[in-house]
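Visitor: Residue numbers are given in the UniProt record's numbering: position 78 of the sequence shown equals residue 78, and the series is strictly consecutive. For every residue, glycine included, the Cβ atom is placed at its ideal position computed from N, Cα and C. Quick one: the structure is below, and I'll ask about it shortly.
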Amino acid sequence: MAVIQDREASALYIGIARQHALSHPISTHALDALTPELDGNDLAEQTLPLTGILDFWQQTADLCAAPTFGLQAGNQCHLSVYGLFSHLLMSCPTLHRALQLGADYLHLLNEALETRLDIGPDESTYSLTYPVDHPGARHHIEFHLASVVQLGRQIVRQKERARLRPRRIEFCHGPAAAKEQYEKVFDCEVAFGKPRNQMVFSTELLEIPGHTPNSGLYGHMLKLLEAIRDHRRSQKPFRSRVCETLNHQQSTSTWPTLEALAHELGVSPSSLKRKLKQEQTSYQEICDDLRYKQARRMLTAKRLAIGEIAHQLGFSSPASFSRSFKRWSGMAPHDYAIQAKPGAPHMQESPL
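In structure tokens:
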């Protein structure tokens with residue numbers, strides 16, 4: 001699990017949790033006593049230590065006696081709580097673009113959150129990785145997957161809303177309440193103890209048009225969001241900046257050389273090497289880490305043969321990929337794929 005002491009997240013999380021908590025019969029004085037001190041009412045412009053936000057969510061869930069606090073908060077979430085991002089989502093031309101925006105920019109809301117959209121010919125997945133060791137993390141995971149479904153229904157035309165039904169939802173953790181409570185929220189099968197937190201859905205849903213597409217507003221809002229991203233990126237450790245750049249590439253074959261990456265980040269190659277060394281890593285270690293994560297996703301999805309996975313990840317041969325994967329994980333790719341199948345014991349994914 002990742003160390004979260006230096007991670008931050010938006011104060012919007014505090015507003016979301018408070019709003020949902022106030023729908024329960026609780027003491028507002030008790031809720032106020034738990035609430036972190038904030039600088040004014042503009043939560044979108046403030047960030048707080050992630051540990052403090054997770055503490056607040058867990059303590060608020062306990063105050064409300066709500067073991068599925070995050071799940072229910074996501075199910076009742078309204079688009080307006082996301083500020084600038086809500087205007088961008090409402091102006092999207094299709095559901096595909098809205099989900100891709102979430103995958104590309106949701107980390108601005110939470111530095112520890114990694115989201116990904118993988119599109120297949122028949123079935124696609126929207127997955128969420130949240131490598132933090134905190135009892136409140138499950139609330140955030142359940143909140144985000146429930147809110148993706150809820151917000152999707154809010155940005156499409158009313159006649160299309162009934163179609164927005166996932167095929168299944170999968171969580172790494174176990175249930176906090178009866179499975180039926182989860183299936184009522186998602187209106188589909190829900191499974192626990194899986195290798196990934198993800199929503200699986202029909203690919204054809206991506207083409208559903210937005211309710212109020214507006215190319216002018218969309219372009220304007222996207223530029224504002226990109227400016228925010230670029231500013232925050234400039235303040236981050238170089239490892240995070242390198243990871244973000246590589247994650248936005250379509251495949252490992254398009255990853256830049258260290259020299260090209262340094263130019264993109266506005267530093268010299270020697271300076272980039274030095275800064276990464278100061279952060280106790282290297283460009284090669286970062287590339288290996290990301291390849292390992294992608295390999296796990298591909299093996300879990302079982303859509304590709306090992307040879308094709310090796311090719312897509314830029315390895316010279318399946319044997320080379322197998323050697324690297326065994327070095328990273330301690331097991332051969334074939335064995336990992338078998339253990340990741342439905343019904344198999346849950347494997348704890350570990351960083352390199």
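1) So, helix, strand or coil for L164, using DSSP?
2) Answer with buried or exposed for R157, where buried requires no fewer than 16 other C-beta atoms within 10 angstroms of its C-beta.
3) Going straight from the alpha carbon of Q348 to that of A332, what length do you get?
4) If you count every other CB in all the chains shown that lies within 10 Å of the CB of E170, and 16 or more means buried, which is it?
5) Relative to the C-alpha of G330, which residue among L265, I306, Y292 is closest?
6) Determine which residues share a DSSP beta bridge with Q198 and list them.
7) Using beta carbons (cut-off 9 Å, strictly below), is A260 in contact with chain C?
8) How would you label I338, buried or exposed, when you count the other beta carbons within 10 angstroms and need 16 or more for buried?
9) Count the C-beta pairs between the stretch 41-49 and the stretch 6-22 that are closer than 8 Å, then say yes if the count reaches three, no if not.
10) Is the separation between the beta-carbon of C77 and that of F143 shorter than 9 Å?
11) Put A191 into one of helix, strand or coil per three-state DSSP.
12) Please report how far the alpha carbon of D230 lies from the alpha carbon of K273, in whole angstroms.
13) Considering only DSSP beta bridges, list what A9 is partnered with.
14) List, from N- to C-terminal side, the alpha helix (DSSP H) runs of 4 residues or more that fit wholly inside the stretch 55-127.
15) Mapping the DSSP letters down to three states, classify P209 as helix, strand or coil.
16) Assuming W328 is part of the alpha helix (DSSP H), what are its boundary residues?
17) Check for me: the alpha helix (DSSP H) holding F238 runs from which residue to which?
18) CB A137 to CB Y126, shorter than 9 Å?
19) Tell me, please, whether the stretch 157-167 touches the stretch 103-120 by the rule of three or more beta-carbon pairs shorter than 8 Å.
20) Expressed to the nearest angstrom, what Euclidean distance is found between the alpha-carbon atoms of V190 and R168?
21) Cα-Cα, which of L71, C64, L43 is closest to A30?
22) Looking at C-alpha atoms only, which residue of A73, F85, T35, P237 is the closest neighbour of Q150?
23) Select from S270, S271, L246, H334 the residue whose C-alpha is nearest the C-alpha of A301.
24) Comparing C-alpha positions only, which one of G193, R323, D39, H220 sits nearest to P175?
25) Am I right that L145 and L128 are in contact with their C-beta atoms under 8 Å? What's the rounded C-beta distance?
26) Give the C-beta separation of T35 and F69 to the nearest angstrom, bearing in mind that I take them to be a contact with Cβ-Cβ under 8 Å.
27) R18 to K184, Cα distance in whole Å?
28) If we ignore side chains and look at the alpha-carbon of each, how far apart do C92 and T203 end up?
29) Given a threshold of 16 other Cβ atoms within 10 Å of its Cβ, counted over all protein chains shown, does A344 qualify as buried or as exposed?
30) Helix, strand or coil for V148, going by three-state DSSP, please let me know.
Guide: The relevant details are as follows:
1) coil
2) With fewer than 16 Cβ atoms within 10 Å of its Cβ, R157 is classed as exposed.
3) Residue confidence for Q348 is low, a pLDDT of 46 falling below 50, so the modelled location carries little weight and cannot support an answer.
4) E170 is buried by the Cβ-count criterion.
5) Y292
6) According to DSSP, Q198 bridges with S127, E170.
7) Reference to chain C is not applicable here, since this structure consists of a single protein chain.
8) Looking at its Cβ environment, which holds fewer than 16 other Cβ atoms inside 10 Å, I338 is exposed.
9) Yes, since at least three Cβ pairs between the stretch 41-49 and the stretch 6-22 fall closer than 8 Å, the two stretches touch.
10) yes
11) strand
12) 21 Å
13) L48, N110
14) Listed in chain order, the complete alpha helix (DSSP H) runs (minimum 4 residues) inside the stretch 55-127 are 69-75, 84-90, 95-105.
15) strand
16) 318-329 is the span of the alpha helix (DSSP H), which, as asked, contains W328.
17) Counting along the chain, the unbroken alpha helix (DSSP H) around F238 starts and ends at 238-247.
18) no
19) no
20) 6 Å
21) C64
22) A73
23) Minimum Cα distance to A301 is reached at H334.
24) Measuring from the Cα of P175, the nearest candidate turns out to be G193.
25) That pair is a contact at about 6 Å.
26) Actually they do not touch by this definition, with Cβ atoms about 15 Å apart.
27) When rounded, the separation of the alpha-carbon atoms in R18 and K184 is 23 Å.
28) Distance between C92 and T203, taken at the CA atoms: about 17 Å.
29) Reliability fails at A344, whose pLDDT of 48 lies under 50, so the model's placement of it is uncertain and no value is given.
30) Residue state, collapsed to three classes: helix.
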